[in-house]
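Everything below concerns the one structure shown next.
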Amino acid sequence: MKRPIEIAAAGTMLTALVAGLAVPPDAVQGDVQRIMYVHVPSAWLAYLAFGVTLIASVAHLRTRDLRWDRRAGASAEIGVVFTGLALATGMLWGKPVWGVWWTWDARLVLTAAMFFVYLAYLALRRATDDPVIRGKRSAVFGIVAALQIPVVHFSVVWWRSLHQPPTILRPGEPQIDPPLLFALLMAVTAFTVLYAALLRRRVELAEAEDALLTTARIEEPVAGSAVVGPLSRGEGA
Amino acid sequence: MSDWGWVTIAYVLVYGTLGTYLVSMTSRIRRARRAQDGR
Chain A
-19 MKRPIEIAAA
-9 GTMLTALVAG
1 LAVPPDAVQG
11 DVQRIMYVHV
21 PSAWLAYLAF
31 GVTLIASVAH
41 LRTRDLRWDR
51 RAGASAEIGV
61 VFTGLALATG
71 MLWGKPVWGV
81 WWTWDARLVL
91 TAAMFFVYLA
101 YLALRRATDD
111 PVIRGKRSAV
121 FGIVAALQIP
131 VVHFSVVWWR
141 SLHQPPTILR
151 PGEPQIDPPL
161 LFALLMAVTA
171 FTVLYAALLR
181 RRVELAEAED
191 ALLTTARIEE
201 PVAGSAVVGP
211 LSRGEGA
Chain B
4 MSDWGWVTIA
14 YVLVYGTLGT
24 YLVSMTSRIR
34 RARRAQDGR
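The listed protein sequences derive, respectively, from chains A and B.
The numbers in the first sequence follow our numbering, run straight up by one, and end at 217.
The numbers in the second sequence follow our numbering, run straight up by one, and end at 42.
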């Protein structure tokens, strides 16, 4: 069944698609600059998703409530998807504009590092079936991993970089023409609504998986006793 | 490749990935619930 948030996500994503393809091309880069309307929102949403993981991790450590742990894990997985998309679309934009798919630039390398760190976070979550141990370990990891988010964002300011500096989140007026700014903000809004829809679904999935795991753990001793039953009888004879 | 070629690949990649991710999650939720009901 479609929920209002999913209908809103579909609507805003469609509007963002039309806006991204209909606004005038960039004066310098031409039409290829339209990749910005999917590249920048992907990168921003990765920050947001990992920021939510940080908040949920802190909340889990304070309350020991597993619902916060599920939110942290769900948001991290979505963040990894958005980081992967930011990296991929960055390469697709870099090839025609810079002439290379990849360069060992601070922003690019740190974004790739962030991608792998959160992949490790997801792997850590699967290292145990015990939700209490999983929650504690991954909350600590989620808090430490978040330290790299500002480093990734400000890398273009702190180090000399091939990647362009911030266009909107910078001191002074945004350095972008209003129609292009509108399309970019529309895309960021659409991706944020989609993130909310994805998060809700992913949390629902985590709840269903945890319920299944709990049922399996309850049933385990019963199944085990059936298997070892004959051996027990043999031992008794 | 033309500018529009690069743009098309990027948009198909992003919209396709996010759409597939949402659909796959919905199907995984259904599967998990079916397994839970079957126990």
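The beta-carbon is built from N, C-alpha and C at its ideal position, and this holds for glycine as well.
Hey, does residue i have any beta-carbon neighbour from chain B nearer than 9 Å?
{"i": "TRP82/A", "result": "no"}
{"i": "PRO76/A", "result": "yes"}
{"i": "MET(-7)/A", "result": "yes"}
{"i": "ALA188/A", "result": "yes"}
{"i": "HIS19/A", "result": "yes"}
{"i": "ALA225/A", "result": "Summary: the structure shown does not reach residue 225/A, with chain A confined to residues -19 through 217, and so no result is reported for it."}
{"i": "LEU99/A", "result": "no"}
{"i": "LEU160/A", "result": "no"}
{"i": "SER118/A", "result": "no"}
{"i": "THR195/A", "result": "yes"}
{"i": "ARG14/A", "result": "yes"}
{"i": "GLY0/A", "result": "yes"}
Who are the neighbours of residue i on chain A, taking C-beta pairs under 9 Å?
{"i": "THR20/B", "result": "VAL61, GLY64, LEU65, ALA68"}
Could you give the distance in angstroms between the alpha-carbon of residue i and the alpha-carbon of residue j?
{"i": "PRO5/A", "j": "ASP40/B", "result": "54 Å"}
{"i": "LEU102/A", "j": "THR108/A", "result": "11 Å"}
{"i": "GLY239/A", "j": "ARG197/A", "result": "Only positions -19 to 217 of chain A appear in the structure, and residue 239/A is not among them; the question remains open."}
{"i": "GLY(-9)/A", "j": "LEU164/A", "result": "16 Å"}
{"i": "LEU192/A", "j": "PHE30/A", "result": "27 Å"}
{"i": "ALA35/B", "j": "GLY53/A", "result": "18 Å"}
{"i": "VAL112/A", "j": "LEU185/A", "result": "18 Å"}
{"i": "ASP85/A", "j": "THR195/A", "result": "49 Å"}
Please list, in chain order, the chain B residues whose beta carbon lies closer than 8 Å to that of residue i.
{"i": "GLY10/A", "result": "ASP6"}
{"i": "LEU102/A", "result": "Those within 8 Å of LEU102/A in chain B number zero; the least Cβ separation is about 14 Å."}
{"i": "LEU178/A", "result": "LEU21, TYR24, LEU25, MET28"}
Find the residues of chain A that neighbour residue i, judging by a C-beta separation of less than 7 Å, and give them in chain order.
{"i": "VAL15/B", "result": "Ordered by position in chain A, no residue passes the 7 Å Cβ test against VAL15/B, which lies about 10 Å from the chain."}
{"i": "THR29/B", "result": "ARG181"}
For residue i and chain C, any beta-carbon pair shorter than 9 Å?
{"i": "TRP73/A", "result": "Chain labels in this structure do not include chain C; the protein chains are A and B."}
List the residues of chain B whose Cβ lies closer than 9 Å to the Cβ of residue i, in chain order.
{"i": "LEU28/A", "result": "Chain B residues near LEU28/A: none, gap ~15 Å exceeds 9 Å."}
{"i": "ARG(-17)/A", "result": "Result: empty, since nearest Cβ-Cβ is about 11 Å, beyond 9 Å."}
At 7 Å on the CB atoms, spell out the chain B contacts of residue i, in chain order.
{"i": "ALA191/A", "result": "GLN39"}
Ranges of the alpha helix (DSSP H) found wholly within the stretch 97 to 184 of chain A, counting only runs of at least 4 | 111 to 125, 128 to 138
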